[in-house]
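With the sequence shown counted from 1, adding 641 to any position gets you the numbering used here.
Idealized CB from N, CA, C, for every residue including glycine.
Quick notes on the structure that follows.
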Amino acid sequence: MKPAPFEYFAPTTIDEAVSLLAEQEDAKILAGGQSLVPVMNFRLARPSVLIDLNRIKELFYIRAQNGGLAIGAMTRQRSVERDASIARIAPLVTETMPYVAHPQIRNRGTFGGSIVHADPAAELPAVAIALGAKMKLRSKQGERLEDARNFFTGLFSTTLLPTELLTEIVLPAMSPRTGWAFTEVARRHGDFALAGVVCTVTLDSKGKGAGARIVLMSLGDKPIDAQNAAKALMGETPNATAIEAAANAVDAEIDPQSDIHASAAFRRHLACVLTRRALETAVARAK
(Lines of atoms letter the chains of each structure in order from A; the text may use other names.)
(Lines give C-alpha, C1' and ligand atoms only; values in the text may rest on other atoms or scores of the structure.)
Protein backbone atom coordinates (compact mmCIF):
# COMPACT_ATOMS: atom_id res chain seq x y z
CA MET A 642 0.00 0.00 0.00
CA LYS A 643 1.00 3.60 -0.54
CA PRO A 644 -0.21 6.69 1.34
CA ALA A 645 -2.84 9.01 -0.07
CA PRO A 646 -1.46 12.21 -1.67
CA PHE A 647 -0.29 14.92 0.72
CA GLU A 648 1.57 18.22 0.75
CA TYR A 649 5.01 18.08 2.37
CA PHE A 650 6.84 20.72 4.45
CA ALA A 651 10.27 20.42 6.08
CA PRO A 652 10.78 23.41 8.42
CA THR A 653 14.20 24.09 9.91
CA THR A 654 13.11 26.01 13.03
CA ILE A 655 10.47 25.59 15.74
CA ASP A 656 8.95 28.96 14.85
CA GLU A 657 8.53 27.87 11.26
CA ALA A 658 6.95 24.59 12.34
CA VAL A 659 4.36 26.18 14.65
CA SER A 660 3.53 28.77 11.99
CA LEU A 661 2.80 25.94 9.56
CA LEU A 662 0.61 24.23 12.17
CA ALA A 663 -1.35 27.45 12.59
CA GLU A 664 -1.79 27.89 8.84
CA GLN A 665 -2.39 24.36 7.60
CA GLU A 666 -5.56 22.39 8.27
CA ASP A 667 -5.47 18.61 8.70
CA ALA A 668 -1.69 18.61 9.21
CA LYS A 669 0.23 15.75 10.78
CA ILE A 670 3.65 15.95 12.39
CA LEU A 671 6.32 13.55 11.15
CA ALA A 672 8.90 12.75 13.84
CA GLY A 673 10.50 9.29 13.62
CA GLY A 674 7.63 8.02 11.49
CA GLN A 675 7.63 4.57 13.09
CA SER A 676 3.90 4.79 13.89
CA LEU A 677 2.60 7.39 11.43
CA VAL A 678 4.09 6.03 8.19
CA PRO A 679 2.63 2.49 8.57
CA VAL A 680 -0.89 3.80 9.23
CA MET A 681 -0.55 6.18 6.28
CA ASN A 682 0.56 3.31 4.06
CA PHE A 683 -2.58 1.39 5.04
CA ARG A 684 -4.57 4.63 4.56
CA LEU A 685 -5.86 4.47 8.11
CA ALA A 686 -4.56 8.04 8.33
CA ARG A 687 -4.93 10.44 5.38
CA PRO A 688 -3.41 13.78 6.34
CA SER A 689 -3.50 16.36 3.58
CA VAL A 690 -0.33 18.00 4.98
CA LEU A 691 2.81 16.46 6.48
CA ILE A 692 5.21 18.61 8.54
CA ASP A 693 8.58 16.89 8.90
CA LEU A 694 10.55 17.91 12.02
CA ASN A 695 13.75 16.08 11.17
CA ARG A 696 15.59 19.22 10.03
CA ILE A 697 14.90 21.14 13.23
CA LYS A 698 18.21 20.63 15.03
CA GLU A 699 17.06 22.57 18.11
CA LEU A 700 14.74 19.65 18.98
CA PHE A 701 17.59 17.12 19.29
CA TYR A 702 19.25 17.28 22.74
CA ILE A 703 19.67 15.77 26.20
CA ARG A 704 20.85 18.11 28.95
CA ALA A 705 20.92 18.32 32.73
CA GLN A 706 18.56 20.91 34.16
CA ASN A 707 17.92 21.82 37.83
CA GLY A 708 19.08 18.40 38.98
CA GLY A 709 16.84 16.69 36.44
CA LEU A 710 16.84 16.40 32.66
CA ALA A 711 15.47 18.15 29.61
CA ILE A 712 15.06 15.98 26.52
CA GLY A 713 14.30 17.46 23.12
CA ALA A 714 11.23 15.91 21.55
CA MET A 715 13.11 14.75 18.44
CA THR A 716 15.90 12.99 20.35
CA ARG A 717 16.25 9.46 19.00
CA GLN A 718 15.24 6.69 21.37
CA ARG A 719 18.59 5.00 20.81
CA SER A 720 20.38 8.16 21.99
CA VAL A 721 18.24 8.21 25.14
CA GLU A 722 18.97 4.53 25.74
CA ARG A 723 22.73 5.04 25.60
CA ASP A 724 23.10 8.44 27.28
CA ALA A 725 25.24 8.42 30.44
CA SER A 726 23.50 11.41 32.05
CA ILE A 727 20.11 9.69 31.73
CA ALA A 728 21.54 6.52 33.27
CA ARG A 729 22.78 8.59 36.22
CA ILE A 730 19.83 10.96 36.74
CA ALA A 731 16.85 8.95 35.44
CA PRO A 732 17.87 5.27 35.59
CA LEU A 733 14.23 4.21 35.20
CA VAL A 734 14.36 5.53 31.63
CA THR A 735 17.55 3.62 30.88
CA GLU A 736 16.05 0.44 32.33
CA THR A 737 12.92 0.80 30.21
CA MET A 738 14.39 1.73 26.82
CA PRO A 739 15.49 -1.79 25.72
CA TYR A 740 11.83 -2.86 25.95
CA VAL A 741 10.67 -0.16 23.53
CA ALA A 742 10.10 -2.05 20.26
CA HIS A 743 13.31 -3.25 18.56
CA PRO A 744 16.76 -1.67 18.01
CA GLN A 745 16.00 -0.82 14.38
CA ILE A 746 12.90 1.11 15.45
CA ARG A 747 14.68 2.84 18.33
CA ASN A 748 17.36 4.01 15.89
CA ARG A 749 14.75 6.13 14.13
CA GLY A 750 11.93 6.54 16.67
CA THR A 751 11.92 9.67 18.83
CA PHE A 752 11.37 10.13 22.54
CA GLY A 753 8.70 12.78 22.04
CA GLY A 754 7.01 10.97 19.16
CA SER A 755 6.26 7.91 21.26
CA ILE A 756 4.80 10.08 24.02
CA VAL A 757 2.56 12.11 21.68
CA HIS A 758 1.36 8.94 19.93
CA ALA A 759 -0.11 7.95 23.33
CA ASP A 760 -0.46 4.23 22.71
CA PRO A 761 -1.82 2.75 25.98
CA ALA A 762 0.51 -0.24 25.52
CA ALA A 763 3.63 1.91 25.05
CA GLU A 764 6.30 2.17 27.72
CA LEU A 765 7.37 5.83 27.54
CA PRO A 766 4.01 7.45 28.39
CA ALA A 767 3.87 5.34 31.56
CA VAL A 768 7.46 6.22 32.45
CA ALA A 769 6.71 9.92 31.95
CA ILE A 770 3.86 9.76 34.48
CA ALA A 771 5.89 7.72 36.98
CA LEU A 772 8.71 10.28 36.91
CA GLY A 773 6.41 13.30 37.16
CA ALA A 774 7.47 14.59 33.74
CA LYS A 775 6.22 17.82 32.25
CA MET A 776 5.58 18.38 28.55
CA LYS A 777 6.67 21.69 27.04
CA LEU A 778 4.13 22.60 24.36
CA ARG A 779 4.61 25.41 21.87
CA SER A 780 2.29 27.27 19.51
CA LYS A 781 2.24 30.68 17.84
CA GLN A 782 0.46 31.96 20.96
CA GLY A 783 3.33 30.95 23.23
CA GLU A 784 4.52 28.10 25.42
CA ARG A 785 2.90 26.10 28.21
CA LEU A 786 3.81 23.17 30.47
CA GLU A 787 1.50 20.19 30.88
CA ASP A 788 1.90 17.64 33.65
CA ALA A 789 2.24 14.08 32.32
CA ARG A 790 -0.54 12.98 34.67
CA ASN A 791 -2.97 15.21 32.77
CA PHE A 792 -1.46 14.92 29.30
CA PHE A 793 -2.93 11.54 28.29
CA THR A 794 -6.70 11.67 27.88
CA GLY A 795 -7.65 8.41 26.16
CA LEU A 796 -6.85 6.04 23.33
CA PHE A 797 -4.15 7.72 21.20
CA SER A 798 -5.28 11.10 22.51
CA THR A 799 -3.66 13.85 24.57
CA THR A 800 -4.25 17.47 25.56
CA LEU A 801 -1.95 18.59 22.71
CA LEU A 802 -3.90 21.04 20.55
CA PRO A 803 -3.83 20.81 16.72
CA THR A 804 -1.78 24.03 16.60
CA GLU A 805 0.72 22.91 19.26
CA LEU A 806 4.05 21.14 19.04
CA LEU A 807 5.72 19.11 21.79
CA THR A 808 9.22 20.55 22.00
CA GLU A 809 10.66 19.18 25.25
CA ILE A 810 10.10 16.61 27.98
CA VAL A 811 11.25 17.77 31.41
CA LEU A 812 12.15 15.04 33.92
CA PRO A 813 12.57 16.37 37.47
CA ALA A 814 15.24 15.05 39.79
CA MET A 815 14.22 12.03 41.83
CA SER A 816 13.98 12.53 45.58
CA PRO A 817 16.62 10.96 47.84
CA ARG A 818 15.88 7.38 48.93
CA THR A 819 13.79 6.73 45.80
CA GLY A 820 13.75 3.36 44.13
CA TRP A 821 12.32 2.53 40.72
CA ALA A 822 11.32 -0.47 38.65
CA PHE A 823 9.90 -1.43 35.27
CA THR A 824 8.43 -4.78 34.32
CA GLU A 825 6.19 -6.09 31.56
CA VAL A 826 4.98 -9.30 29.95
CA ALA A 827 4.96 -9.58 26.16
CA ARG A 828 4.70 -12.57 23.86
CA ARG A 829 8.11 -11.69 22.36
CA HIS A 830 10.69 -9.18 23.49
CA GLY A 831 9.96 -5.93 21.69
CA ASP A 832 6.27 -6.67 21.12
CA PHE A 833 3.62 -4.53 22.75
CA ALA A 834 3.09 -5.64 26.33
CA LEU A 835 0.09 -7.66 27.44
CA ALA A 836 0.52 -5.76 30.72
CA GLY A 837 3.24 -3.66 32.28
CA VAL A 838 4.02 -1.70 35.43
CA VAL A 839 6.28 1.27 36.08
CA CYS A 840 6.76 2.43 39.65
CA THR A 841 8.79 4.62 41.97
CA VAL A 842 8.90 4.40 45.76
CA THR A 843 10.35 7.03 48.11
CA LEU A 844 11.16 6.19 51.73
CA ASP A 845 11.56 8.62 54.61
CA SER A 846 14.46 8.59 57.06
CA LYS A 847 12.68 5.90 59.12
CA GLY A 848 12.18 3.62 56.14
CA LYS A 849 8.45 4.24 55.78
CA GLY A 850 6.66 5.08 52.55
CA ALA A 851 6.85 8.82 51.82
CA GLY A 852 5.84 8.76 48.16
CA ALA A 853 4.94 6.26 45.46
CA ARG A 854 3.72 6.13 41.90
CA ILE A 855 2.35 3.03 40.25
CA VAL A 856 1.57 3.38 36.55
CA LEU A 857 0.09 0.53 34.53
CA MET A 858 0.20 0.09 30.76
CA SER A 859 -1.91 -1.95 28.34
CA LEU A 860 -4.64 -2.20 30.97
CA GLY A 861 -7.00 0.56 29.82
CA ASP A 862 -7.37 3.18 27.11
CA LYS A 863 -4.41 5.19 28.48
CA PRO A 864 -1.59 4.80 31.03
CA ILE A 865 -3.25 4.28 34.41
CA ASP A 866 -1.89 6.23 37.35
CA ALA A 867 -2.99 3.93 40.19
CA GLN A 868 -3.05 6.57 42.90
CA ASN A 869 -5.25 4.64 45.33
CA ALA A 870 -2.95 1.63 45.15
CA ALA A 871 0.06 3.87 45.78
CA LYS A 872 -1.63 5.29 48.89
CA ALA A 873 -1.50 1.84 50.46
CA LEU A 874 2.24 2.37 50.98
CA MET A 875 2.06 5.85 52.49
CA GLY A 876 3.28 5.95 56.07
CA GLU A 877 3.75 2.17 56.07
CA THR A 878 6.85 0.06 56.35
CA PRO A 879 6.98 -1.44 52.84
CA ASN A 880 7.10 -5.06 53.93
CA ALA A 881 5.53 -7.99 52.11
CA THR A 882 2.09 -7.30 53.60
CA ALA A 883 2.03 -3.63 52.54
CA ILE A 884 3.31 -4.45 49.06
CA GLU A 885 0.71 -7.18 48.63
CA ALA A 886 -2.04 -4.76 49.68
CA ALA A 887 -0.88 -2.19 47.13
CA ALA A 888 -0.62 -4.83 44.40
CA ASN A 889 -4.13 -6.12 45.09
CA ALA A 890 -5.50 -2.57 45.09
CA VAL A 891 -4.64 -2.01 41.42
CA ASP A 892 -7.45 -4.35 40.41
CA ALA A 893 -10.02 -1.67 41.19
CA GLU A 894 -8.24 0.93 39.06
CA ILE A 895 -7.84 -0.91 35.77
CA ASP A 896 -10.20 -1.71 32.92
CA PRO A 897 -8.48 -4.33 30.74
CA GLN A 898 -10.06 -5.70 27.58
CA SER A 899 -9.95 -9.16 26.08
CA ASP A 900 -8.39 -9.63 22.65
CA ILE A 901 -6.67 -12.33 20.59
CA HIS A 902 -3.53 -11.99 22.73
CA ALA A 903 -4.96 -12.22 26.27
CA SER A 904 -8.21 -12.26 28.18
CA ALA A 905 -9.24 -9.45 30.53
CA ALA A 906 -9.00 -11.89 33.45
CA PHE A 907 -5.42 -12.81 32.55
CA ARG A 908 -4.47 -9.14 32.25
CA ARG A 909 -5.95 -8.48 35.71
CA HIS A 910 -3.85 -11.33 37.10
CA LEU A 911 -0.74 -9.93 35.42
CA ALA A 912 -1.43 -6.45 36.80
CA CYS A 913 -1.35 -7.65 40.40
CA VAL A 914 1.64 -9.96 39.96
CA LEU A 915 3.72 -7.41 38.06
CA THR A 916 2.87 -4.63 40.52
CA ARG A 917 4.07 -6.76 43.41
CA ARG A 918 7.32 -7.62 41.63
CA ALA A 919 7.95 -4.02 40.61
CA LEU A 920 7.31 -2.69 44.11
CA GLU A 921 9.64 -5.27 45.64
CA THR A 922 12.42 -4.14 43.31
CA ALA A 923 11.73 -0.45 43.83
CA VAL A 924 11.68 -0.78 47.62
CA ALA A 925 14.96 -2.73 47.60
CA ARG A 926 16.56 0.01 45.52
CA ALA A 927 15.16 2.74 47.77
CA LYS A 928 16.79 1.09 50.76
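Residue(s) in a DSSP beta bridge with residue i
{"i": "F650", "result": "I692"}
{"i": "A871", "result": "BP columns for A871 are empty, so no partner."}
{"i": "V842", "result": "G820 and A853"}
{"i": "E825", "result": "G837"}
{"i": "R704", "result": "A711"}
Opening and closing residue of the alpha helix (DSSP H) in which residue i lies
{"i": "A681", "result": "The sequence as given places Met at residue 681; Ala does not occur at that position. Looking at the DSSP string, the run of the alpha helix (DSSP H) that includes M681 is L677 to N682."}
{"i": "S780", "result": "It is not in any alpha helix (DSSP H) - S780 instead sits in the beta strand (DSSP E) that spans K775 to S780."}
{"i": "I697", "result": "Here I697 belongs to no alpha helix (DSSP H), and DSSP marks it neither H nor E."}
{"i": "V924", "result": "A905 to A927"}
{"i": "I884", "result": "A881 to A890"}
{"i": "I655", "result": "I655 to E664"}
CB of residue i within 8 angstroms of CB of residue j, strictly
{"i": "G591", "j": "S859", "result": "Past the boundaries of the shown model lies residue 591; the chain is included only from 642 to 928, so the question cannot be answered."}
{"i": "W821", "j": "L691", "result": "no"}
{"i": "A883", "j": "L874", "result": "yes"}
{"i": "A925", "j": "V856", "result": "no"}
{"i": "R684", "j": "A731", "result": "no"}
{"i": "I727", "j": "T737", "result": "no"}
{"i": "A927", "j": "V842", "result": "yes"}
Nearest-angstrom Cα separation, counted from residue j out to residue i
{"i": "K669", "j": "P688", "result": "6 angstroms"}
{"i": "T824", "j": "P803", "result": "33 angstroms"}
{"i": "A714", "j": "K777", "result": "9 angstroms"}
{"i": "A912", "j": "D892", "result": "7 angstroms"}
{"i": "R749", "j": "S798", "result": "22 angstroms"}
{"i": "E666", "j": "F647", "result": "12 angstroms"}
{"i": "N791", "j": "T800", "result": "8 angstroms"}
Start and end residues, beta strand (DSSP E) containing residue i
{"i": "R723", "result": "Counting along the chain, R723 falls outside any beta strand (DSSP E), though it belongs to the alpha helix (DSSP H) covering Q718 to R723."}
DSSP three-state assignment for residue i, whether helix, strand or coil
{"i": "L785", "result": "The sequence given here has Arg at residue 785, not Leu. R785: strand per DSSP, three-state reduction."}
{"i": "R749", "result": "helix"}
{"i": "M858", "result": "strand"}
{"i": "L796", "result": "coil"}
{"i": "K669", "result": "strand"}
{"i": "L801", "result": "coil"}
{"i": "L835", "result": "coil"}
{"i": "G709", "result": "strand"}
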